[in-house]
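Below is one structure, written out as C-alpha cells; comments come after it.
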Amino acid sequence: MCVNVSMETNRKIQKVQRGRLQKGRRDFLSRAGSISVMSIFGTAFFTGCTDEEDMLPDDGQNDSGNGILVSNQQVTIDLARNEALRDSGGWMLIREAQLLVVNLEGQYNALSSVCTHSQCDRNWTFGNQVFTCTCHGSRFDTQGKVINGPATRPLKTYSLSQAEGNLIIDLS
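In terms of full-length UniProt numbering, the sequence shown opens at residue 1 and continues consecutively.
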C-alpha cells in the first residue's frame, strides 16, 4: 500500500486562533440578557395592578384630590387643602393651567407661568419676592414685572377672587 503524504499536511502550524468572547463583550451580553428579563417581569409587575380609570386621560375637568380644579377658563383652589398658599410668601406652580400663584400677606396674585422670553413654562423658583424662570434666568416681581432679562415683557396677570375658602382665578 502506498500512501501519498504531501508536504502541506506535515507542516507545523504556526498560528492558532482560539474563540473566546472578550471580557467586555461577555459582560455586555450577560447584562443585556439580565436587563431584558428584568424589564419583562418589571413591566408585568407595574401594569398588573392598574385600574381602568387610571388609563383614562385627564380632561382637566375633575378635582384630582389636591384641592385644585381646572375647568374651561377658570381655576379654583381650595386654600384649606393647599398649604403652599396658606402663609405669606407661599407660592405654587399649576402646570396644567400654566399658572403661578403667590400669597403676599393674605393678598394673592396670579400670573402666567409662560416666560415672555422663550415661552418656558415648567421651571420656576421663588425667593425674596422674585420669580425666576430657570430656563434662561429672567426674573419677575410678584406683579409680573421684569426685574432682570433676557425677558423684556411682563408676565400676564389674571384677575382673581375669594369665596368660601376658595381662590377663583379667571384665565380669560
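From the three backbone atoms N, C-alpha and C, an ideal C-beta is built for every residue, glycine too.
Straight-line spacing of the CA atoms in C120 and S30 works out to 42 Å. Checking the DSSP bridge columns, you'll see R139 partnered with T132 and N148.
Using a C-beta cut-off of 8 Å, the stretch 112-131 makes no contact with the stretch 72-88, since fewer than three inter-stretch Cβ pairs fall below that distance.
Under the three-state reduction of DSSP output, L171 falls in the coil class, being neither helix nor strand. Taking a 10 Å sphere around the C-beta of A32, we find fewer than 16 other C-beta atoms and assign the residue as exposed.
Using a Cβ distance threshold of 8 Å, Q73 and L171 count as a contacting pair.
The straight-line gap separating the alpha-carbon atoms of G106 and S138 is approximately 26 Å. Counting C-beta atoms within 10 angstroms of its own C-beta, T142 has 16 or more neighbours from the protein chains shown and is therefore classed as buried. Under the DSSP assignment, A163 falls in the beta strand (DSSP E) whose first and last residues are T157 to A163.
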